[in-house]
Structures are given as structure tokens and as C-alpha cells.
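Right, one structure below, let's go through it.
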Amino acid sequence: MSFFLHPQVHLAEGFPIEFSNKKDVIEPPQTENQRKWDETFGKPNEPKPNQKPPEKPPEGTGEEKKNITGETSSSKTGKKVHKQKADERRASGDYDLVNEPLKDKDGKTIEVPKRIDKQGRPSKKTQKAIPDAVQGPPKGNIIDDKPLGRPISKDKQEIRRFIDAYKIKYGEPPKQIIIERYDPKTGAPAGREIYDPSDFKIP
Numbered sequence: 168m169s170f171f172l173h174p175q176v177h178l179a180e181g182f183p184i185e186f187s188n189k190k191d192v193i194e195p196p197q198t199e200n201q202r203k204w205d206e207t208f209g210k211p212n213e214p215k216p217n218q219k220p221p222e223k224p225p226e227g228t229g230e231e232k233k234n235i236t237g238e239t240s241s242s243k244t245g246k247k248v249h250k251q252k253a254d255e256r257r258a259s260g261d262y263d264l265v266n267e268p269l270k271d272k273d274g275k276t277i278e279v280p281k282r283i284d285k286q287g288r289p290s291k292k293t294q295k296a297i298p299d300a301v302q303g304p305p306k307g308n309i310i311d312d313k314p315l316g317r318p319i320s321k322d323k324q325e326i327r328r329f330i331d332a333y334k335i336k337y338g339e340p341p342k343q344i345i346i347e348r349y350d351p352k353t354g355a356p357a358g359r360e361i362y363d364p365s366d367f368k369i370p
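The numbering used here numbers the first residue of the sequence shown as 168 and each following residue consecutively.
Set out below in C-alpha cells:
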């Protein structure tokens with residue numbers, strides 16, 4: 168049986184079907200019951216007369232996008248604290264290096280073993296050493312910012328890398344390691360801890 172599309176096709180007697188200009192959607196004529204239902208409850212997906220359209224979030228608030236980075240509030244606070252302290256230290260002029268890799272006398276970035284195992288063997292993989300701040304001789308300080316409550320043991324390998332790179336740069340070990348603590352929730356200063364470099368010997 169052949170079927171040709173015309174502007175109007177009679178599928179059955181008394182039921183003319185007209186193609187709309189909205190993607191040619193075919194809508195059969197409403198029955199009396201359907202008409203009463205639509206008048207009472209409205210058509211599906213059709214807003215009610217007094218219904219307001221959903222409000223669009225203001226631009227730039229971030230409400231229009233979900234946070235897909237997985238960044239926590241404490242890590243955001245940490246980034247803010249590190250940036251603020253770095254700006255303050257640079258402005259003070261009291262530090263030789265601020266949040267940058269230690270370099271040798273030729274300006275080449277120093278790389279040291281990433282890890283030292285319990286037998287004292289260095290790993291083949293090397294890594295740059297980037298403490299938060301350095302005060303070279305005669306002060307001899309390495310400064311690192313850490314959130315309050317983080318065990319220093321978790322950063323032993325990192326601080327050991329700072330010490331090794333410091334020795335290469337200045338030809339002598341640092342005098343002390345200063346850990347400046349901050350509140351991970353508010354970012355407020357939370358005291359400082361001073362360690363002897365020998366505390367970070369591995370093993």
C-alpha cells in the first residue's frame with residue numbers, strides 16, 4: 168500500500184491530520200474530555216498562568232557551574248595563605264628565595280633524589296626543591312608553611328630535599344627549619360615550630 172504525504176492526509180474518515188511547522192508533529196484532534204482536562208490542569212510541560220520561569224543565577228557567582236575540581240575548602244585556604252605569605256615575604260626583602268626552586272651558582276635548577284629509603288639509598292628519580300622561603304647564610308633558615316595538625320613526619324622527605332638542595336647552593340647546611348603553622352579553616356597564623364636539620368636525616 169502506498170502512502171503519500173500531503174499538507175492534509177485523512178487517515179480515517181472524520182479525522183484530518185495536519186502537519187504543523189514544528190518538526191511536522193502530528194497532533195490528533197482533542198476529545199471533549201481532553202479539552203476539559205487541559206483547561207483544568209494545563210497541558211503537559213506547559214507553565215501555569217501564574218507560574219514564574221526559573222531564575223537564572225547571577226553571572227560570575229559560580230552557581231551556574233558545579234565544582235568538578237574536587238578541591239576542598241582547606242586546600243583553597245592553603246592556596247590563599249601561601250599566596251598571601253609569599254607576597255608579604257617578597258615585599259619585606261628579608262628572604263633570598265620565596266616559593267621558587269633553589270639554583271646553583273650557574274643559575275641551574277638543583278635537583279636532588281626524590282626519596283631516601285630506610286637503608287639510606289637515594290632513588291634514581293630526582294626532583295626540584297621549592298621551599299616556601301629561604302634565608303641563606305648567615306641566618307641559614309628554611310621556612311615552610313603547613314596547616315595546623317599535619318604531622319611533620321608526613322613531610323620528612325620533602326624537607327630533606329630542601330636541606331640537600333640548600334647544601335648544594337650554599338656549600339653548607341641550614342641552621343634551622345622553621346615550620347609556620349596556619350589554621351586550615353580560617354587561614355589565621357597558628358604559631359611556628361623550629362627544628363634542627365638533623366631531625367630530618369633519613370634513615
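Note that the Cβ used here is the ideal one computed from N, Cα and C, for glycine as well.
Proximity below 8 Å, CB of residue i to CB of residue j
i	j	result
I346	Y362	yes
P314	P351	yes
I310	D322	no
V279	D331	yes
I326	D271	no
K342	G303	no
Q294	K275	no
L264	A296	no
Identity of the residue in the options nearest residue i by Cα
i	options	result
D273	Q294, D299, Y337	Y337
Q286	T198, P370, R328	P370
D261	P305, D205, N200	P305
P364	R348, G354, R328, V248	R328
Whole-angstrom distance between residue j and residue i, CA atom to CA atom
i	j	result
K243	S290	32 Å
Q251	E267	15 Å
R359	R288	31 Å
G316	E238	19 Å
Y349	P340	26 Å
Reduced DSSP category for residue i - H, G, I as helix; E, B as strand; rest coil
i	result
Y333	helix
T198	coil
K292	coil
P356	strand
E278	strand
K272	coil
I297	coil
I361	strand
I369	coil
Opening and closing residue of the beta strand (DSSP E) in which residue i lies
i	result
D312	308 to 314
R348	343 to 349
Q302	300 to 302
Contact test: residue i Cβ vs the ligand NAD heavy atom, cutoff 7 Å
i	result
I369	This structure lacks the ligand NAD, and indeed carries no ligand of any kind.
Endpoints, the alpha helix (DSSP H) within which residue i is located
i	result
K252	240 to 259
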